[in-house]
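In our numbering, the protein residues as written are 26 to 144.
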């Protein structure tokens, strides 16, 4: 499945102890998974310790009500400014990483050029 922006949704699965666990990165994939197993993994209870009972741990009608509230908040605030800020931050971090990699590469090349091997 892909989003309207053509990003592929990702899903990851593992087994922790004897409990299978899947992280699903898209609503369509989550719906398909929950159609067969409509109860979230007990591992979601770990979120309750620091996040309380919220959208990540709620199920059924409680989850639907919380999700509706969150979606309404996003619709009111708008995601465009958040997307633009995220894009700017990612571009800045990428430029910083690229500069550090280039500096490290130049440093290695300078060290190689300055060294001699005596045989």
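Just so it is clear, CB atoms sit at the ideal spot from N, CA and C, and this is done for glycine as well.
* Asked: Nearest CA to the CA of residue 92: which residue from 49, 54, 85, 80?
  -> Walking along the chain shown from the start, residue 92 turns up at place 67. Residue 92 has its Cα closest to that of 80, out of 49, 54, 85, 80.
Rounded distance between the beta-carbons of residue 45 and residue 38, thought under 8 Å:
For the purposes of this step, residue 38 is identified with residue 13 of the chain shown, where counting begins at 1. For the purposes of this step, residue 45 is identified with residue 20 of the chain shown, where counting begins at 1. Contact holds; Cβ gap of about 7 Å.
- Query: Where does the unbroken beta strand (DSSP E) through residue 36 begin, and where does it stop?
  - Reply: Mapped onto the chain shown, residue 36 falls at position 11. Here the beta strand (DSSP E) through residue 36 covers 36-41.
| said: In whole angstroms, give me the CA-to-CA distance for residue 74 and residue 83. | reply: Counting from 1 along the chain shown, the entry for residue 74 is found at position 49. Counting from 1 along the chain shown, the entry for residue 83 is found at position 58. One C-alpha to the other measures close to 14 Å.
Exercise for the section: Quick one: residues in its chain with C-beta nearer than 6 Å to the C-beta of residue 52, no 5 flanking neighbours on either side, listed in chain order? Expected result: For the purposes of this step, residue 52 is identified with residue 27 of the chain shown, where counting begins at 1. Around residue 52: no qualifying Cβ.
Which two residues bound the contiguous alpha helix (DSSP H) that contains residue 71? Translated into positions along the chain shown, residue 71 becomes position 46. 70-76 is the span of the alpha helix (DSSP H), which, as asked, contains residue 71.
Could you give the first and the last residue of the continuous alpha helix (DSSP H) run that contains residue 84?
Translated into positions along the chain shown, residue 84 becomes position 59. Here residue 84 belongs to no alpha helix (DSSP H), and DSSP marks it neither H nor E.
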